[in-house]
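Novice:
4 protein chains.
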Amino acid sequence: MNKIDNFKSIVDRYKVVFFDAFGVLKNYKGLLPGIERTFAYLEQQKKEYYIVTNDASRSPAQLAESYQIKGLYTITSDHIISSGMLTKDYLDLKVNDGIVAYLGTPDSAHYIDSTGLHTLPVSAIDAGNIDKVNALVFLDDEGFNWFEDLNKTVNILRKRAIPVIVANTDHAYPVTKHDVSIAIGGIANMVEKIVGKEFIRFGKPDSQMFMFAYDLLRDQGPISKKDIVMVGDTLQTDILGGNKFGLDTVLVLSGNTRPDDAGNRINATGIVPTYICDSAVIEHGELGF
Amino acid sequence: MNKIDNFKSIVDRYKVVFFDAFGVLKNYKGLLPGIERTFAYLEQQKKEYYIVTNDASRSPAQLAESYQIKGLYTITSDHIISSGMLTKDYLDLKVNDGIVAYLGTPDSAHYIDSTGLHTLPVSAIDAGNIDKVNALVFLDDEGFNWFEDLNKTVNILRKRAIPVIVANTDHAYPVTKHDVSIAIGGIANMVEKIVGKEFIRFGKPDSQMFMFAYDLLRDQGPISKKDIVMVGDTLQTDILGGNKFGLDTVLVLSGNTRPDDAGNRINATGIVPTYICDSAVIEHGELGF
Amino acid sequence: MNKIDNFKSIVDRYKVVFFDAFGVLKNYKGLLPGIERTFAYLEQQKKEYYIVTNDASRSPAQLAESYQIKGLYTITSDHIISSGMLTKDYLDLKVNDGIVAYLGTPDSAHYIDSTGLHTLPVSAIDAGNIDKVNALVFLDDEGFNWFEDLNKTVNILRKRAIPVIVANTDHAYPVTKHDVSIAIGGIANMVEKIVGKEFIRFGKPDSQMFMFAYDLLRDQGPISKKDIVMVGDTLQTDILGGNKFGLDTVLVLSGNTRPDDAGNRINATGIVPTYICDSAVIEHGELGF
Amino acid sequence: MNKIDNFKSIVDRYKVVFFDAFGVLKNYKGLLPGIERTFAYLEQQKKEYYIVTNDASRSPAQLAESYQIKGLYTITSDHIISSGMLTKDYLDLKVNDGIVAYLGTPDSAHYIDSTGLHTLPVSAIDAGNIDKVNALVFLDDEGFNWFEDLNKTVNILRKRAIPVIVANTDHAYPVTKHDVSIAIGGIANMVEKIVGKEFIRFGKPDSQMFMFAYDLLRDQGPISKKDIVMVGDTLQTDILGGNKFGLDTVLVLSGNTRPDDAGNRINATGIVPTYICDSAVIEHGELGF
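Below, the structure is given as structure tokens:
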């Protein structure tokens, strides 16, 4: 059996904490009860933190608002790193003109739209504008007709040799205690296999997510990877990605990895967190204020 | 460059011909012009033949009717082996009671329904009957709401440890000269990866398709695999499957494999047909009647 | 928790029993103590049986001898179906002349040699005879120099578009209580990925193994798939393959699948055996003779 | 047909050039004739450059020496970024004590040895020290007995839940005009599949290689990704990785990608370089000095 560590004493050892969002700060029912104490403690101790999330469905401002509505007032948009931000960066650097076709909601597209490119839903691509499509982005599993628009996506990609960006690498996400939804990452894998091309993926465990946060930290002053700890509930994304980037890692048992299964999963995958905690919640009695 | 063989002279060397359907007998425009002469010749020469097809969207009777409507009167349902027939056999042998949930059209389900099991579309499964679902079948890419019913399928399979049958292994199929549609086999791969289970697949290149036809032949009298030639347009299904089953094989260039690319594809895949022909059409002048 | 069934009472319900070898009849220490009683019972009850094994390292005669040496005198070579036999059948039907290059021991090659083809170890292929190589077979993980001969195999396959047969699909096999060896099936996967070609695999769960045994049974008289039960220790090969072929299946807990993990594995894979037994051993008191 | 660009005029547009090594600067015969002019031009124009290579077989000092021996005196070790350096960084950050077991030559291990950890070849691991093994590294395809040490590696990883680092992601590398050798990346994939664990890979197309070079550049002064161009001969590693990191990219036709196949490969993969050049060689007449 693995030893369970105390989350507060781990936080005390680092200058910066990276958090995954789903399964760590919130779940299908809303915020984890007591998680506000963790952020109060970080604030009081003047620790820096980032939320590093495979979520391209909304802008950082909208993501931050979703925490503030629920009472986590300290989480502002500059504390959020999403795979959608990396997608926007890619388009800024690599796609200079023409149309960016997308699968997702208008909200998700509004965000990447700000690059000055012309973003259009896949449903709006036709014989008259297909030659101007210079990139295609998988943003969200909602906001389009799966049957019509996935078939159209396959045919666009058979005709155009263009970069395809998958802005969320997850295959599924929980929607209730027992049910999940297919995520845009799972859909993108199907399309990639059918068209036989290589897509570009942004999202943990890929290092580019961590690099983005690390760059923001370096802009604020000298920092070492040894000063940062990554907290997540999923071995294959949060912990593998954090480890690979050279960070210490905390597996919390409040999400994807069940307490009675954590040891088995670690042995089976060989993905070993530095610490294991019940959750990222700091108890009231521990705070001292 | 590969040598192009004459189809009629190949037919002359065998007692039985197995044909793939799409790309060999018909394409997105209908029957291949002149293919009726091939069947007239088989009839006149008293050669046996079977159409061996990865198609579970309709019953053999309906598939046969689709040829007869177009003028190929000799193709009767007893000449058709479909992956749907193997699915029906599986359910007859292995699933004794309860509900078989399916993704597909009512037409595709009507056929497997004859086993006496209760077949229900995935959309009709709910908390009240999920415990009676004893198998789930991927039949056709049409006839259901992709967004709702694929998400429901994932959640049914997370709750029930039941056999899942994929009755068509193709990933995509052509609908016009330039466009394809995603096939149910491609969709099933996505769901299989998300739920992490092992599905049962019927369809070429799997040997069970060929075994089914071979068994029917043996019921008619002594036969050797050396007496049979398999004709197809796709290296990875028709030719690989035929080769593996021990049959001689003909690659025709009227479908998936383009004449200018056939040699490259054979070298790249290492899947080598016994013969290569332009098509399975026998020319008028060759018939002699 | 899954119900544990009594093996003898299962045998009583069928006319024919198919057995996997490793983990069912024997393990790394030798024969399972008491397994001779099971074969005595089959003999006494005049039940037919076949051993269906992913083993191409020796001929059926040699495999049978290995049981007889240990005291299982009733197991004769005509009761053994190996993936090596399917390989031999393939070569008989599909490769007419030239050299068959192989990776394995001379024993494994001696067996396929009987087809009249010239079999040569990969190490004996050079610029002077490479053009005559018309097939390449992965037979056994022993009998060759991995570094030299695997690199040579890759380069032969880059130059020759020929069928490649993998005569054992297993990735690893147990050699002691705690240790495994890499099997030729795992090595073949590596080579296949590097050369980018499609290999032909014989071995469970592929149906052709079961078809071979079923054909032998039909030669002896009328039989239905409902009369046969497949006994194995591995969900992904024995049980999946038996199920797919339409047979009832018994998972025994004397090999790959641990008693405390069987339920989890069945739920996780969705591969459901008809029965679960501790082992295929019939107890002394049950025999009645 | 794709337009062929002039390499010198591309270099003129950027401040920094990243080069792949094999297929760009050298091939199986040695340095590309004339490549010294390219480095003379970079020197004269005061352009910065890095060689970004999936090579963990030697230290940067040894890699640099291999260029200098052949006359490329300007290439010093501080211009070389190898996947081996990322491996060393990982061990420095994440593995604090114990043994690092490795597959490779003593030369490759000597380099990672400098971290202060105890490095031992896999062949030296036994029951007495296996519990101290805290990481395992795939460094090079030479320097060990494939049969004995790969089997031993599998069994070490079945017993120890430890990070496994693959320091070269290539599957094969050219050794003569027509022949390749299996690379350690291909071997690592086989072992990963057999043990069912998740390995950590360093090497293009992974972003961490490019990040490492980019960080070195930023230490020298302000730089933007727009100022850098990546030059490589392989779409799936150099071009995909460069594109994903946000760099402009040059595909050269002097290595893995043949001139008559480049257009097909780009369309088939959807990996689109910014430019295509015959090679990275600048012609004598272009230099002007």
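As given, the protein sequences belong to chains W, D, E and H, one line each in that order. Letter by letter, the first sequence follows residues 1 to 289 of UniProt numbering. Letter by letter, the second sequence follows residues 1 to 289 of UniProt numbering. Letter by letter, the third sequence follows residues 1 to 289 of UniProt numbering. Letter by letter, the fourth sequence follows residues 1 to 289 of UniProt numbering. All residues carry an ideal CB built from backbone N, CA and C; glycine is no exception.
1) Taking the straight line between their C-alpha atoms, what separation do you get for I99/D and D55/D?
2) Mind checking if Q220/E is an interface residue toward chain D, Cβ cutoff 7 Å exclusive?
3) So, using beta-carbon positions, are M209/W and V16/W closer together than 7 Å?
4) Decide yes or no for the touch test of the region 252-263 of chain H against the region 60-77 of chain H: beta carbon pairs closer than 8 Å, at least 3 of them.
5) Three or more C-beta pairs closer than 8 Å, one from the region 174-185 of chain D and one from the region 149-161 of chain D: is that the case here?
6) Determine the extent of the beta strand (DSSP E) in which N129/W is found, giving its start and end residues.
7) Starting from P106/E, find everything on chain D with Cβ-Cβ shorter than 7 Å and list it in chain order.
8) Chain W beta carbons: is any one of them nearer than 7 Å to that of L251/H?
9) Considering only residues of the same chain and omitting the five flanking positions on each side of T176/D, which have a CB-CB separation below 6 Å?
10) Locate the beta strand (DSSP E) running through I165/H, then write down its first and last residues.
11) Taking the beta carbon of L240/H as the centre, do at least 16 other beta carbons fall within 10 Å, making it buried, or is it exposed?
12) Please name the residue in G143/H, K47/H, Q236/H whose C-alpha comes closest to that of D170/H.
13) I think K50/W touches H79/W, with their Cβ atoms under 8 Å apart; what is that distance to the nearest whole Å?
14) Could you tell me which residues DSSP puts in a beta bridge with T249/E?
15) Does any C-beta atom of chain D lie closer than 7 Å to the C-beta of M209/W?
16) Measure the CB-CB distance between A161/D and V133/D and report whether it falls below 7 Å.
17) Suppose contacts are defined by Cβ-Cβ distances below 7 Å. Is A262/H in contact with V231/H by that definition?
18) List the endpoints of the continuous alpha helix (DSSP H) containing I266/W.
19) Are there three or more Cβ pairs, one per stretch, closer than 8 Å when the region 269-286 of chain E is compared with the region 4-12 of chain E?
20) F202/D and S83/D: beta carbons closer than 7 Å?
21) When burial is assigned at 16 or more other CB atoms within 10 Å of the CB, is N96/E buried or exposed?
22) Taking the DSSP output, what are the residues bridged to V16/D?
23) Which chain H residues are close to V191/W, counting only those with a beta carbon under 8 Å from its beta carbon?
24) Closer than 8 Å by beta-carbon distance: list the chain E residues that pair up with G270/D, in chain order.
25) Spell out whether any CB of chain E is found under 7 Å from the CB atom of G242/D.
26) Find the residues of chain D that neighbour D149/E, judging by a C-beta separation of less than 8 Å, and give them in chain order.
27) Distance, Cα to Cα, G221/D vs Y214/D?
28) Just to make sure I have the definition right: I need the residues of chain W whose C-beta is within less than 7 Å of the C-beta of Q236/H. Which are they?
29) Could you confirm whether any beta carbon from chain W is found closer than 7 Å to the beta carbon of K82/D?
30) With DSSP run on the structure shown, which of helix, strand or coil describes A56/W?
31) At what residues does the alpha helix (DSSP H) containing L150/D begin and finish?
32) Which bits of chain D does V180/W rub up against, with CB to CB less than 9 Å?
33) Taking Cβ positions only, does A172/D come closer than 7 Å to chain W?
34) By how many angstroms is the C-alpha of A124/H removed from the C-alpha of L216/W?
35) What alpha helix (DSSP H) runs, 4 residues minimum, are completely inside the region 179-207 of chain W?
36) Contact defined as beta carbons within less than 8 Å: I believe V166/E pairs with I200/E. What is the distance between those atoms, to the nearest angstrom?
Specialist: Taking the definition as stated:
1) The residue labelled residue 99/D in the question sits at position 99 within the second sequence. The residue labelled residue 55/D in the question sits at position 55 within the second sequence. One C-alpha to the other measures close to 23 Å.
2) Your numbering for residue 220/E matches position 220 in the third sequence. No - not a single Cβ of chain D is within 7 Å of the one on Q220/E.
3) As a first step, residue 209/W must be located in the first sequence, where it is residue number 209. As a first step, residue 16/W must be located in the first sequence, where it is residue number 16. Cβ atoms of M209/W and V16/W: not closer than 7 Å.
4) no
5) no
6) Translated into positions along the first sequence, residue 129/W becomes position 129. Neither: N129/W is in no beta strand (DSSP E) and is coded neither H nor E.
7) The count along the third sequence starts at 1 and reaches residue 106/E at position 106. Chain D residues near P106/E: none, gap ~26 Å exceeds 7 Å.
8) Residue 251/H sits at position 251 when you count from the first residue of the fourth sequence. No, because no Cβ of chain W sits closer than 7 Å to the Cβ of L251/H.
9) Along the second sequence, read from residue 1 onward, the residue named residue 176/D stands at position 176. For T176/D, where only same-chain residues beyond five positions count, the Cβ hits under 6 Å are Y28.
10) For this step, residue 165/H is matched to residue 165 along the fourth sequence. From DSSP, the beta strand (DSSP E) with I165/H extends over 164-166.
11) Within the fourth sequence, numbered from 1, the residue matching residue 240/H stands at position 240. So L240/H counts as buried.
12) If you number the fourth sequence from 1, residue 170/H lands on position 170. Among G143/H, K47/H, Q236/H, the Cα nearest to that of D170/H belongs to Q236/H.
13) Taking the first residue of the first sequence as 1, we reach residue 50/W at position 50. Taking the first residue of the first sequence as 1, we reach residue 79/W at position 79. As written in the sequence, residue 50/W is Tyr, which differs from the Lys given in the question. Contact flag correct, Cβ pair sits at about 6 Å.
14) On the third sequence, residue 249/E is found 249 positions in, with the first residue counted as 1. Partner(s): M230/E.
15) Position 209 of the first sequence, counted from the first residue, corresponds to residue 209/W. It does not: the Cβ of M209/W has no partner Cβ on chain D nearer than 7 Å.
16) Taking the first residue of the second sequence as position 1, residue 161/D is located at position 161. Taking the first residue of the second sequence as position 1, residue 133/D is located at position 133. No. Outside cutoff.
17) Translated into positions along the fourth sequence, residue 262/H becomes position 262. Translated into positions along the fourth sequence, residue 231/H becomes position 231. No, they are not a contact pair.
18) As a working note, residue 266/W is residue 266 in the first sequence. Unbroken alpha helix (DSSP H) run through I266/W: 262-269.
19) yes
20) Counting from one through the second sequence, the residue named residue 202/D turns up at place 202. Counting from one through the second sequence, the residue named residue 83/D turns up at place 83. A contact, by the Cβ cut-off of 7 Å.
21) Your numbering for residue 96/E matches position 96 in the third sequence. The residue is exposed, with fewer than 16 neighbouring Cβ atoms inside 10 Å.
22) Translated into the one-based positions of the second sequence, residue 16/D becomes position 16. Paired residue(s): E48/D, I228/D.
23) The count along the first sequence starts at 1 and reaches residue 191/W at position 191. Going along chain H, no residue has its Cβ under 8 Å from V191/W, so there is no contact; the nearest lies around 11 Å.
24) Numbered from 1 along the second sequence, position 270 holds the residue referred to as residue 270/D. The answer, in chain order, is L157, A161, I162, P163, V164, V195, K197, E198, F199.
25) Position 242 of the second sequence holds residue 242/D. It does not; no Cβ of chain E falls within 7 Å.
26) Along the third sequence, one-based indexing puts residue 149/E at 149. Chain D residues near D149/E: none, gap ~19 Å exceeds 8 Å.
27) Position 221 of the second sequence, counting from 1, holds the residue named residue 221/D. Position 214 of the second sequence, counting from 1, holds the residue named residue 214/D. Rounded to whole angstroms, G221/D to Y214/D spans 11 Å at the Cα level.
28) Residue 236/H sits at position 236 when you count from the first residue of the fourth sequence. Within 7 Å Cβ-Cβ: E198.
29) What you label residue 82/D is simply residue 82 of the second sequence in a count that begins at 1. The identity of residue 82/D in the sequence shown is Ser, whereas the question assumes Lys. By this cut-off, S82/D is not an interface position.
30) Counted from its first residue, the first sequence places residue 56/W at position 56. A56/W: coil per DSSP, three-state reduction.
31) Locating residue 150/D in the second sequence gives position 150, counting from the first residue. First-last of the alpha helix (DSSP H) with L150/D: 146-159.
32) By 1-based counting over the first sequence, the position of residue 180/W is 180. Per Cβ cutoff of 9 Å: N151, V154, N155, R158, I194.
33) Position 172 of the second sequence, counted from the start, is the residue given in the question as residue 172/D. Yes, A172/D counts as interfacial toward chain W.
34) Walking along the first sequence from the start, residue 216/W turns up at place 216. Walking along the fourth sequence from the start, residue 124/H turns up at place 124. Each residue's alpha carbon lies about 44 Å from the other.
35) 184-195
36) By 1-based counting over the third sequence, the position of residue 166/E is 166. By 1-based counting over the third sequence, the position of residue 200/E is 200. Going by Cβ atoms, the distance from V166/E to I200/E rounds to 7 Å, so yes, they are a contact pair.
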